[in-house]
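Going by my numbering, the sequence shown opens with residue 883, and the numbers climb by one from there. Before any comments, here is the structure.
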Amino acid sequence: MSEVFVYVEGPSDQLGMRELLADMMAEAENRGSSLDFYPLGGKDALLQKGPGKALNILRNRPNSWVFLVPDLYPGNKSFDHESYEELKSELCRRFKTLRDTKKCNCRFDDRFFVHCFKYDLESLLLASEDVLLSRLGKRRFSLSWKRPVEDQNHTNPPKRIVESLFEDAGLRYKGTSDVPWILSRSNLQDLMAGCSQNFKPFIEDLRRVLGVDV
């Protein structure tokens, strides 16, 4: 039995991923494995506590795998980083330092993964255009953005665009309700195609670890 723990920043990430990956979670359960998502209270908390939590799980649960999946935005939280590569490098370094300090097995490295939402989870909402329009109650968007959606930047991340879209529609964006509503109606394959830089590799690693293709 494989146990896959995915640490994310907050409850909207957790709720959204549970909805989007409900079929994957169910298939994992059918195979005697498990997949779930756990919020750690924001980006700082995830970056600071994540490597230690991962190591503790891997030490005590022999069939476990741990993913840390923060937002890339905002940059330079907890330590200097602007890119995914810088973010991953430092988190892996911290994990290996803890592993060496506690004299743990190097094979733990193969069960520790770092991915990110680029620049935040809301990139998936922008990639779900029809569903997002339905949530807004609109026939067309009030503003435009870069495509592919993962080509935004730290100055104008997807969440700020989504907030503006909701505001223009006379609504207030609330991640814990809007994210799961939209992602429960979104197509995973379409999102992997639209967010191929960072989201697709994350899903591919999950599928490989769990041995599923949903």
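Beta carbons are placed, not taken as given, at the ideal position from N, Cα and C, and that holds for glycine. Remember, predicted model here, so these are calculated numbers, not experimental data.
Straight-line gap, residue i to residue j (C-alpha atoms, nearest Å)
{"i": "Leu1073", "j": "Leu1025", "result": "21 Å"}
{"i": "Val951", "j": "Val996", "result": "6 Å"}
{"i": "Asn945", "j": "Leu973", "result": "22 Å"}
{"i": "Gln1100", "j": "Lys985", "result": "This structure does not reach residue 1100, given that the chain is present from 883 up to 1096, and the question cannot be answered."}
{"i": "Asp1095", "j": "Tyr1055", "result": "33 Å"}
{"i": "Leu980", "j": "Gly1052", "result": "48 Å"}
{"i": "Ser1016", "j": "Ile1043", "result": "16 Å"}
{"i": "Gly914", "j": "Met883", "result": "5 Å"}
{"i": "Leu1070", "j": "Met907", "result": "13 Å"}
{"i": "Glu1045", "j": "Leu917", "result": "30 Å"}
{"i": "Asp905", "j": "Ala936", "result": "25 Å"}
{"i": "Trp947", "j": "Gly924", "result": "21 Å"}
{"i": "Pro1030", "j": "Pro1039", "result": "13 Å"}
Beta-carbon proximity of residue i to residue j, cut-off 8 Å
{"i": "Leu1047", "j": "Phe1023", "result": "yes"}
{"i": "Leu954", "j": "Val1061", "result": "no"}
{"i": "Tyr920", "j": "Phe887", "result": "yes"}
{"i": "Leu929", "j": "Lys959", "result": "yes"}
{"i": "Glu1032", "j": "Cys1077", "result": "yes"}
{"i": "Pro893", "j": "Thr1037", "result": "no"}
{"i": "Leu1014", "j": "Trp1027", "result": "no"}
The beta strand (DSSP E) enclosing residue i, as first and last residue numbers
{"i": "Glu885", "result": "Glu885 to Val890"}
{"i": "Trp947", "result": "Ser946 to Leu950"}
{"i": "Val996", "result": "Phe994 to Val996"}
{"i": "Asp918", "result": "Ser916 to Pro921"}
Burial state of residue i, where buried means 16 or more other Cβ atoms lie within 10 Å
{"i": "Arg993", "result": "buried"}
{"i": "Lys1041", "result": "buried"}
{"i": "Glu1049", "result": "exposed"}
{"i": "Ser975", "result": "Checking the sequence, you will find Arg at residue 975 rather than Ser. It counts as exposed."}
{"i": "Asp991", "result": "exposed"}
N-terminal and C-terminal residue of the alpha helix (DSSP H) that residue i is part of
{"i": "Tyr966", "result": "Tyr966 to Thr983"}
{"i": "Leu1073", "result": "Leu1070 to Gly1076"}
Residue i CB to nearest heavy atom of the ligand NAP below 7 Å
{"i": "Met907", "result": "This structure simply doesn't include the ligand NAP, nor any ligand for that matter."}
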